[in-house]
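**Q** In UniProt numbering, the protein residues as written are 1 to 203.
All C-beta atoms, glycine included, are put in the ideal place defined by N, C-alpha and C.
Dropping a structure here in structure tokens format, bear with me for questions.
In structure tokens form, the structure reads like this:
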């Protein structure tokens, strides 16, 4: 049996008994001498049974978005979608897809506009009332990403708004329905939609 699987079992055991993830993961990862990538995988994808149940209750199906205002964690969704299409993302225990590629901030690249186009077309088909993208103003070239997002949303006739803010997390927690894989946001909102996974299935 692999050390990664044994580490998973031990981490799951500790999380289900209320241990904080940071300390439980550190203990387990050190015990099994996990690599940096293995630690990142467990950190991203392993949760207590209580959390898994809570998130699956919040997850919406595509048809349930009709007529809703959707707050979108812009860089989080872009990172996840980019990673998914490169085969560097994974379906986690709570039902959300998360990236295994980035361990830092989003980097504007030659695929960004193309990915945004896929997002815009998917949003148009979901028949939401409005979408509001939030981008972290501290991320390099975030202003360029904002302008690209506005352009493709306008082209696809999506009723939308794109905001550059200091704290997307803070802004998104005020929404009823959000598109993100960020657990800090998900824990504070009633509903979540895995937009990156949805677009990935359409691609």
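Tell me, please, whether the region 70-84 touches the region 192-201 by the rule of three or more beta-carbon pairs shorter than 8 angstroms.
**A** Yes, the region 70-84 touches the region 192-201.
**Q** Out of 74, 106, 157, 83, which has the shortest C-alpha to C-alpha gap to residue 164?
**A** It is 74.
**Q** If you reduce the DSSP assignment to three classes, tell me which class residue 203 lands in.
**A** Coil.
**Q** Going by the DSSP bridge assignment, what does residue 73 pair with across the sheet?
**A** Bridge partners of residue 73: 134.
**Q** Assess contact between the region 137-147 and the region 105-122, defined as three or more Cβ pairs (one per stretch) separated by less than 8 angstroms. Is contact present?
**A** Verdict: yes, contact present.
**Q** Whose C-alpha, out of 172, 198, 39, 203, is nearest the C-alpha of residue 188?
**A** Nearest of 172, 198, 39, 203 to residue 188, Cα basis: 172.
**Q** Would you say the region 78-94 touches the region 121-129, given that touching needs at least three Cβ pairs under 8 angstroms?
**A** Contact fails: fewer than three Cβ-Cβ distances are below 8 angstroms.
**Q** Taking residue 109 as the reference, which of 5, 180, 130, 82 has the closest Cα?
**A** That would be 82, whose Cα lies nearest to the Cα of residue 109.
**Q** For residue 160, report the span of its beta strand (DSSP E) as first-last.
**A** Run containing residue 160: 160-165, per the beta strand (DSSP E) assignment.
**Q** What is the DSSP secondary structure of residue 121, counted as helix, strand or coil?
**A** Helix at residue 121.
**Q** When we look at the beta-carbon of residue 13 and count the other beta-carbons within 10 Å, is it buried (16 or more) or exposed?
**A** Label assigned to residue 13: exposed.
**Q** If we ignore side chains and look at the alpha-carbon of each, how far apart do residue 41 and residue 97 end up?
**A** If you take the alpha carbons of residue 41 and residue 97, they lie about 12 angstroms apart.
**Q** By DSSP's criteria, residue 99 is part of a beta bridge. Which residues make up the other side?
**A** 89, per the DSSP bridge assignment.
**Q** Rounded to whole angstroms, how far is the Cβ of residue 168 from the Cβ of residue 135, which I believe are closer than 8 angstroms?
**A** At roughly 7 angstroms, the Cβ-Cβ gap stays under 8 angstroms, so residue 168 and residue 135 are in contact.
**Q** Enumerate in chain order the residues of its own chain whose CB-to-CB distance from residue 105 is below 6 angstroms, with the five nearest sequence positions on each side excluded.
**A** Excluding residues within five positions, the ones whose Cβ falls inside 6 angstroms are 139.
**Q** Using DSSP with H/G/I as helix, E/B as strand and the rest coil, what is residue 192?
**A** Residue 192 falls in the strand class under three-state DSSP.
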